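This report refers to the structure that appears directly beneath it.
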Amino acid sequence: MSVLSTATDQVTDVVTVGSGATGIAISPDGKHAYVTGSGNTVVELGGSRTLTVAKAGTGIGTVTSSPQGITCGGTCQASFDFGTVVTLTATPDSGSFFSGWSGDPNCSTGVVMDSHKSCTADFTSNTPPPPPALPASGCFIATAAYGSAMADEVVVLRTFRDKHLLTNAMGSTFVSLYYRLSPPIADYIKERDTLRTAVRLSLWPVIYTIKHPFVAYGVILIGVLIVRRTWPRHNLATTHGTRGIRL
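Following this line, the structure appears as structure tokens:
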């Protein structure tokens, strides 16, 4: 079957439709031809072909086409007249870059719509992934000692972690180190009642200080004053023995 241009009256293509062609029909828009053959076969000539665009990779971006039809984004499939050359443009969003095409070999230069085609645009993120989220509870040793993540003492420690430790770099570093080291210790403690009791006793001053900081500060201040008043008074000689320092 010869395909002729109505503008130039020249043959633009020759299509094999099989042997025994018996008839041809043209669609009203002039873009499709259907050739019937022996054995009840029908071959379509011309018409439109579908281009499907997909996006892959860790980044994000948009693909558009010329002629218009693809805006992916939202529209990732469009039909074009047979033989149309479709140029695709991949535009990465902020924080990403375009890595390349896969699919039809002409995705990067111009897709010839002589059949149904597909192209995949690969976008790569250039933003480092966020650090892994911290566990919802996280107070492994305290949970093992008190038997529940919802125990009042565990809630106090967890609140202190969120409101004070995780708000600064040093505290966050301490919490990260704790998460790496504490799970096996907690597993060892929770199976031994004596250790659980010892841990609860050792945590009591910490929990009390967190719950009653002003009382704890007052006790510390009184202790310092008592030590200063009862400290032995004596003279200390200097290294040369020429002067004395009285405390």
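End of the sequence shown = 250 in the numbering used here, gap-free, step of one.
Glycine is no exception: its CB is placed at the ideal position from the N, C-alpha and C atoms.
Just so you know, these numbers come straight off a predicted model, no measurement behind them.
Just mark residue i as buried or exposed, buried being the case when its beta carbon has 16 or more other beta carbons within 10 Å.
| i | result |
| --- | --- |
| residue 91 | buried |
| residue 62 | buried |
| residue 156 | buried |
| residue 107 | buried |
| residue 56 | buried |
| residue 160 | buried |
| residue 28 | exposed |
| residue 184 | exposed |
| residue 238 | No answer about residue 238 holds up, because its pLDDT of 45 lies below 50 and its placement is not dependable. |
| residue 34 | exposed |
| residue 120 | buried |
| residue 93 | buried |
| residue 68 | buried |
| residue 197 | exposed |
| residue 204 | exposed |
So what does residue i bridge to, in DSSP terms?
| i | result |
| --- | --- |
| residue 89 | 114 |
| residue 58 | 124 |
| residue 75 | 66 |
| residue 95 | 64 |
| residue 83 | 52 |
| residue 3 | Residue 3 falls outside the range modelled here, since the chain spans only 4 to 250, and no answer is possible. |
| residue 106 | 122 |
| residue 6 | 16 |
Determine whether the beta carbon atoms of residue i and residue j lie at a separation below 8 Å.
| i | j | result |
| --- | --- | --- |
| residue 52 | residue 117 | yes |
| residue 70 | residue 85 | no |
| residue 8 | residue 19 | no |
| residue 252 | residue 64 | The chain is shown from 4 up to 250; residue 252 falls before or after that span and cannot be answered. |
| residue 89 | residue 54 | yes |
| residue 46 | residue 58 | no |
| residue 179 | residue 168 | no |
| residue 39 | residue 50 | no |
Given 7 Å as the limit, tell me if residue i has its C-beta closer than that to any heavy atom belonging to the ligand NAD.
| i | result |
| --- | --- |
| residue 70 | Of the ligands one can find in the structure shown there are none, so the ligand NAD has no counterpart to examine. |
Might you give, ordered along the chain, the residues of its own chain that have their beta carbon closer than 6 Å to the beta carbon of residue i, omitting 5 neighbours on each side?
| i | result |
| --- | --- |
| residue 17 | 5 |
| residue 193 | 147 |
| residue 149 | 156, 157 |
| residue 103 | 125 |
Might you give, ordered along the chain, the residues of its own chain that have their beta carbon closer than 7 Å to the beta carbon of residue i, omitting 5 neighbours on each side?
| i | result |
| --- | --- |
| residue 75 | 56, 58, 65, 66 |
| residue 202 | 144, 148, 192 |
| residue 97 | none |
For residue i, which residues of its own chain have a beta-carbon under 8 Å away from its beta-carbon, when the five flanking residues on both sides are left out?
| i | result |
| --- | --- |
| residue 95 | 62, 63, 64, 101, 126 |
| residue 214 | 159 |
| residue 22 | 40, 41 |
Handout entry: Every unbroken beta strand (DSSP E) within the stretch 116-172, with a cutoff of 3 residues, ordered by chain
Key = Contiguous beta strand (DSSP E) elements confined to the stretch 116-172 occur at 120-128, taking only those with 3 or more residues.
Exercise for the section: Please go through the stretch 181-207 and give each complete alpha helix (DSSP H) segment of 4 or more residues, from N-terminal end onward. Expected result: Segments of the alpha helix (DSSP H) lying fully in the stretch 181-207: there are none.
Exercise for the section: With a floor of 3 residues, list each beta strand (DSSP E) that falls wholly inside the stretch 9-47, ordered by position along the chain. Expected result: Counting only runs of 3 or more, we get 14-17, 26-29, 35-40.
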